[in-house]
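Enquirer: Attaching a single structure in structure tokens format; questions to follow.
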Amino acid sequence: MRSQGYTILEDAIEPELVAALVAAIRRIERESGAVPRGNPAEGFATLRTYNLLAKDPIFQEMPVHRAVLPLVERVLDPGCLLSGLTAIDIGPGERAQPVHPDDLVMTVPRPHPPLMCTSLWALTDFTDANGATRIFPGTHLESGRPDNRASIAAEMKAGSILVIDGGLWHGGGANRTADEWRIGVNVQYCAGFCRPQQNQYLGIPREITRTFSDRLLELCGYALYKGIMGHIDGQSPAIVLGDGRLEERAYASTKQLGARRTRAEY
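Everything in the sequence shown is counted per my numbering, starting at 7 for the first residue and increasing by one.
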């Protein structure tokens with residue numbers, strides 16, 4: 007991760023979880039009548055489903071999965087937030103996505119410490135032919151675009167997970183097959199002081215949020231960041247759930263602020 011900006015965790019997802027995730031995504035696509043959004047970023051032959059935590063309980067397992075979260079916490083810190091949870095179903099004939107870093111909208115001079123970390127879960131095999139993500143190793147440590155650099159296809163078997171630094175240049179590959187759909191889920195995290203891409207507070211009904219584990223609640227922003235940020239009248243934002251969990255008063259542990267590290271080495 008530190009030198010190349012990515013790693014692939016092979017056979018990281020339990021086969022039964024892979025099957026359950028695929029079934030849930032296919033059901034949601036059918037019920038919602040999903041169609042391609044028709045733009046270069048989201049694709050012309052790609053089905054995208056956002057805000058997955060609001061759509062099926064099975065997705066609650068992903069952000070807190072033991073194969074991924076500890077690594078993300080080392081790249082960012084334990085106070086990181088879930089930035090978004092998106093199914094990306096790349097269909098036959100899809101063109102290559104424009105290359106980009108995930109932290110493109112953050113106007114911080116490059117290179118910089120990680121502000122985002124993305125895990126891309128392969129629920130089918132990812133191949134060069136069916137649209138495996140194209141990555142530019144090492145570009146998270148550079149200041150410019152990789153216009154004269156060669157990319158590589160992050161090929162991996164179903165059940166594997168690609169984890170990338172948010173500053174790494176990459177893009178979805180073209181699907182040149184006749185009948186293969188490349189199904190993946192983008193589980194994206196950001197530093198605790200950054201604004202998530204998807205709004206977990208308003209996008210997920212409270213009755214669903216109350217079913218989350220404490221750690222998932224923290225990732226969705228229902229806890230204070232470093233004892234201060236995100237409070238409501240000096241209290242933890244979890245007070246809005248009304249179930250007594252994650253209670254904390256802002257500024258109660260300010261003596262720890264200087265000792266806490268904003269980012270662990272990885």
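C-beta atoms are modelled at their ideal positions from N, C-alpha and C, and glycine is treated no differently.
Note that the structure is predicted; figures quoted are calculated from it, not measured.
Would you mind sorting Y12 into buried or exposed? The rule is 16 or more other CB atoms within 10 Å of its CB.
Expert: It is buried - the Cβ of Y12 has at least 16 other Cβ atoms within 10 Å.
Enquirer: Nearest-angstrom Cα distance between L252 and V111?
Expert: One C-alpha to the other measures close to 31 angstroms.
Enquirer: If we ignore side chains and look at the alpha-carbon of each, how far apart do L27 and R188 end up?
Expert: So the two alpha carbons sit approximately 13 angstroms from each other.
Enquirer: Taking the alpha-carbon positions, what's the E48 to R216 distance?
Expert: Rounded to whole angstroms, E48 to R216 spans 31 angstroms at the Cα level.
Enquirer: For D185 and P98, which I take to be in contact (beta-carbon distance under 8 angstroms), what is that distance rounded to the nearest angstrom?
Expert: Their Cβ separation, rounded to whole angstroms, is 6 angstroms, which keeps D185 and P98 in contact under 8 angstroms.
Enquirer: Can you give me the C-alpha to C-alpha distance between I19 and H118, rounded to a whole angstrom?
Expert: When rounded, the distance between both Cα atoms is 31 angstroms.
Enquirer: I need the DSSP call for A265, collapsed to helix, strand or coil.
Expert: A caution first: A265 carries a pLDDT of 44, below 50, which makes its placement in the model unreliable, though a value can still be read off. Three-state result, A265: coil.
Enquirer: I'd like the list of long-range same chain contacts for V105, defined as Cβ closer than 6 angstroms, with 5 residues on each side in sequence excluded.
Expert: Only W175 and G177 meet the Cβ criterion.
Enquirer: Hey, would you say P42 sits closer than 8 angstroms to T52, going by beta carbons?
Expert: Result yes, Cβ atoms of P42 and T52 sit closer than 8 angstroms.
Enquirer: Going by DSSP, what residues sit across from D95 in a beta bridge?
Expert: For D95, which the question treats as bridged, DSSP gives the partners L53 and I189.
Enquirer: With distances taken from CA atoms, which of T130, L15 and K61 is nearest P76?
Expert: The residue with the shortest Cα to Cα distance from P76 is L15.
Enquirer: Ends of the beta strand (DSSP E) at T217?
Expert: Premise fails: T217 is in no beta strand (DSSP E) and is neither H nor E.
Enquirer: Hey, how far is the Cα of P152 from the Cα of T145?
Expert: Approximately 7 angstroms, taken between the alpha carbons.
Enquirer: Using only alpha-carbon positions, find the residue among Q203, T183 and A164 that is nearest to T92.
Expert: Of the candidates Q203, T183 and A164, the one whose C-alpha sits nearest the C-alpha of T92 is Q203.
Enquirer: Span of the beta strand (DSSP E) holding Y12?
Expert: Element bounds for Y12: Y12 to L15.
Enquirer: Just verifying my parser: in three-state terms, what is the DSSP assignment at Y272?
Expert: Note on Y272: pLDDT 47, under 50, position unreliable in the model; the coordinate value appears next. Three-state result, Y272: coil.
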